[in-house]
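Data block below; observations after.
Protein chains in written order, with the working numbering: chain A, 1 to 260; chain B, 261 to 657.
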């Protein structure tokens, strides 16, 4: 009875009344709802600060700025400009994510003023030498995973859905991910990543969520711990801005060359 | 009172437009060790140089306008021709919704292949800096880009010609006669360096394809050479810059882990007319050796239909390259390349590797080895004993 009530209330919540919902349907419904709640932000810009720590505790810093543009009916466009380390200052990364086909990616190398189209097959590779893989920081489109609802669980006193995701795209470094989705925000607060051999590889802890335009939640701190190498990376966001008037023209190959 | 109001308005307007302005740049110490004694009298042995490249960039108008100033200074121990002051960039860029203007001294790169850059023609090579020709001199230009669903159409007016730099008499990488840049070069155009060159390029990305079509009319960046005498009455080479027409095509298909590349040019002058091309492919394995290392293999074929009459040694050659990116916190990487003639024994081996030290330093290694150079590959034959290993330590501020 309790189960049916839960299913019913979630069905109502999702505007999708369905009594005999399977775990897969429920998992997908949660992802769709999270995506729906994060629709309409238009464009955003933010600063990112990354600290890499190796197993001896030595630190290495990264600093970058990112701009993002919401694209209706396809994946988002994003632009990342590197500020630190200083030898890569001015390097920029342009990405057009797609829900069903591989992403389009270009890299701008300031020393040569060269724009290079790069392969987006490098999903599992480390981003800037960190514990974040490219696939961890790219736009999370609903179609990129299959879902399965596992259970409800409390984290730090907050009610969460626990769902399992499996990548549908090629070249992923993961067999599956287990995500804890906060029920009030519909935002992940913790993710476990399982490698190709299905052993626990990394745990991501997500904190400091703030709401923008009284609707869109954004996390401000993440910590990724690699259990196999004992390395970790923290990522912090500052100065989030929304609807700053960016257009497609700020996310093309010409824009890459006038970034600083 | 009114003035105060206006002042207030100006302050409010200015502060409403965030401006990001900053200086950065690098200082680099370079040490070159030559494996062999020089072939010609007066050429130096091991050599040091120092480079300074400060950069000032100011961006405003929500990223739609950019001012850049990048001067460049180099001082060399053994070769006065490598002492140099240049402005790599002094430009203003303004972007509209369907257009972009870029005015001033800039660097523009065209092309996709790695072994040689046939299509790339806007900037002159700073060959004194590095024999690979990848260092470029700043080029004054007026550039208007029209941008739409049709792609980007770039149009260039290039009002001033930059002479190529060459190592001097005491430098390495020259033949029996060095290239004398002290005296005026020979230009086909009566306007000499003032000849106005024109260029246009259309680029578009369609799915996995990136396509570029280009056209250039003006003074060739690649000189021919005739012999002359220097101020001391010794024989030297003098660069001859012809007027040329060049049509270029560059395209890349990015399919999974594969990159397929093609660069093709047709170039004609009063002296010659020829076709040259580079055909390439690249495959990258991510996460090899049970580590985060990426391993890439590059294979390119270089062709020039002038054959043995070509000014380039790369008329019928293959390049095989291996790229390693360790993806560590120090961004350690290495590129090993071998260019070999299809019929002759001429072989060039090149190694480039770099690693960041701390947050602001970078150590780079570069080595080139010329093996069994055929006497018919003139440009390479004269530098056959200039094998070198170079270490560079750069500080970034």
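Even glycine gets a Cβ: it sits at the ideal position worked out from N, Cα and C.
Within the same chain, show all residues whose beta-carbon is closer than 8 Å to that of residue i, passing over the 5 residues directly before and after it, in chain order.
| i | result |
| --- | --- |
| residue 75 (chain A) | 96, 97, 98, 99, 103, 139 and 141 |
| residue 233 (chain A) | 50, 51, 52, 53, 130, 131, 132, 223 and 224 |
| residue 503 (chain B) | 448, 449, 455, 477, 478, 479, 480, 529 and 530 |
| residue 24 (chain A) | 146, 147, 148 and 149 |
| residue 143 (chain A) | 99, 100 and 168 |
| residue 636 (chain B) | 568 and 604 |
Helix, strand or coil: how does DSSP classify residue i here?
| i | result |
| --- | --- |
| residue 148 (chain A) | strand |
| residue 267 (chain B) | Note on residue 267 (chain B): pLDDT 49, under 50, position unreliable in the model; the coordinate value appears next. Looking at residue 267 (chain B) - three-state DSSP - the assignment turns out to be helix. |
| residue 136 (chain A) | helix |
| residue 124 (chain A) | coil |
| residue 311 (chain B) | strand |
| residue 454 (chain B) | helix |
| residue 459 (chain B) | strand |
| residue 640 (chain B) | helix |
| residue 295 (chain B) | coil |
| residue 143 (chain A) | helix |
| residue 398 (chain B) | coil |
| residue 601 (chain B) | strand |
| residue 645 (chain B) | coil |
| residue 83 (chain A) | strand |
| residue 352 (chain B) | strand |
| residue 250 (chain A) | helix |
| residue 628 (chain B) | strand |
| residue 162 (chain A) | strand |
| residue 213 (chain A) | coil |
| residue 2 (chain A) | In this prediction, residue 2 (chain A) scores a pLDDT of 46, lower than 50, which makes its location untrustworthy; the coordinate-derived value is nonetheless stated afterwards. Residue 2 (chain A): helix per DSSP, three-state reduction. |
| residue 567 (chain B) | helix |
| residue 659 (chain B) | Since the first and last residues shown for chain B are 261 and 657, residue 659 (chain B) lies out of range. |
Start and end of the alpha helix (DSSP H) containing residue i?
| i | result |
| --- | --- |
| residue 25 (chain A) | 23 to 37 |
With a threshold of 6 Å on Cβ separation, who are the neighbours of residue i within its own chain once the five nearest residues in sequence on each side are excluded?
| i | result |
| --- | --- |
| residue 153 (chain A) | 160 and 162 |
| residue 585 (chain B) | 554 and 593 |
| residue 353 (chain B) | 326 and 362 |
| residue 295 (chain B) | 647 |
| residue 552 (chain B) | 587 |
Can you tell me where the beta strand (DSSP E) with residue i in it begins and where it stops?
| i | result |
| --- | --- |
| residue 226 (chain A) | 221 to 226 |
| residue 54 (chain A) | Segment: none, residue 54 (chain A) is in no beta strand (DSSP E) and carries neither H nor E. |
| residue 256 (chain A) | No beta strand (DSSP E) contains residue 256 (chain A), which is instead part of the alpha helix (DSSP H) from 253 to 256. |
| residue 547 (chain B) | 533 to 548 |
| residue 241 (chain A) | 232 to 242 |
| residue 328 (chain B) | 325 to 336 |
| residue 477 (chain B) | 469 to 479 |
Closer than 8 Å: is that where the CB of residue i sits relative to any heavy atom of the ligand GTP?
| i | result |
| --- | --- |
| residue 359 (chain B) | This structure lacks the ligand GTP; in fact it carries no ligand of any kind. |
Alpha carbon to alpha carbon, what distance is there between residue j and residue i?
| i | j | result |
| --- | --- | --- |
| residue 167 (chain A) | residue 118 (chain A) | 21 Å |
| residue 630 (chain B) | residue 642 (chain B) | 11 Å |
| residue 194 (chain A) | residue 217 (chain A) | 26 Å |
| residue 47 (chain A) | residue 81 (chain A) | 10 Å |
| residue 369 (chain B) | residue 319 (chain B) | 21 Å |
| residue 639 (chain B) | residue 570 (chain B) | 10 Å |
| residue 401 (chain B) | residue 422 (chain B) | 12 Å |
| residue 444 (chain B) | residue 299 (chain B) | 27 Å |
| residue 256 (chain A) | residue 308 (chain B) | 35 Å |
| residue 322 (chain B) | residue 533 (chain B) | 47 Å |
| residue 398 (chain B) | residue 351 (chain B) | 10 Å |
| residue 115 (chain A) | residue 106 (chain A) | 7 Å |
| residue 305 (chain B) | residue 297 (chain B) | 7 Å |
| residue 202 (chain A) | residue 165 (chain A) | 15 Å |
| residue 410 (chain B) | residue 471 (chain B) | 12 Å |
| residue 123 (chain A) | residue 387 (chain B) | 38 Å |
| residue 339 (chain B) | residue 349 (chain B) | 25 Å |
| residue 457 (chain B) | residue 483 (chain B) | 16 Å |
| residue 357 (chain B) | residue 649 (chain B) | 48 Å |
| residue 623 (chain B) | residue 83 (chain A) | 19 Å |
| residue 565 (chain B) | residue 112 (chain A) | 28 Å |
| residue 577 (chain B) | residue 120 (chain A) | 30 Å |
Spatial neighbours of residue i within its chain, please: CB distance less than 7 Å, with the 5 preceding and 5 following residues excluded, ordered by chain position.
| i | result |
| --- | --- |
| residue 212 (chain A) | 218, 240 and 242 |
| residue 377 (chain B) | 371 |
| residue 335 (chain B) | 309, 310 and 343 |
| residue 489 (chain B) | 495 and 496 |
At least 3 beta-carbon pairs within less than 8 Å: the stretch 203 to 221 of chain A vs the stretch 100 to 118 of chain A: At 8 Å Cβ cutoff, the stretches do not touch.
Tell me whether the stretch 379 to 397 of chain B and the stretch 291 to 298 of chain B touch, counting them as touching only if at least three CB pairs, one residue from each stretch, are closer than 8 Å. Contact between the stretch 379 to 397 of chain B and the stretch 291 to 298 of chain B is absent, because fewer than three Cβ pairs lie under 8 Å.
Determine, using beta-carbon pairs with one atom in the stretch 597 to 614 of chain B and one in the stretch 565 to 583 of chain B, whether at least three such pairs fall under 8 Å. Segments in contact, yes.
Are the stretch 457 to 471 of chain B and the stretch 541 to 559 of chain B touching, with three or more C-beta to C-beta distances below 8 Å? The stretch 541 to 559 of chain B and the stretch 457 to 471 of chain B do not touch, with fewer than three beta-carbon pairs separated by less than 8 Å.
Are the stretch 59 to 69 of chain A and the stretch 176 to 196 of chain A in contact at 8 Å, needing three or more beta carbon pairs? Taking a cut-off of 8 Å on C-beta distances, the stretch 59 to 69 of chain A does not touch the stretch 176 to 196 of chain A, as fewer than three cross pairs fall below it.
Could you tell me whether the stretch 503 to 513 of chain B touches the stretch 412 to 426 of chain B, using the rule of 3 or more Cβ pairs below 8 Å? For the pair of segments examined, the stretch 503 to 513 of chain B was found not to touch the stretch 412 to 426 of chain B: the number of CB pairs separated by less than 8 Å stays below three.
Evaluate contact between the stretch 403 to 419 of chain B and the stretch 485 to 496 of chain B, counting only Cβ atoms and requiring at least three cross-stretch pairs below 8 Å. With the cut-off at 8 Å, the stretch 403 to 419 of chain B and the stretch 485 to 496 of chain B do not touch.
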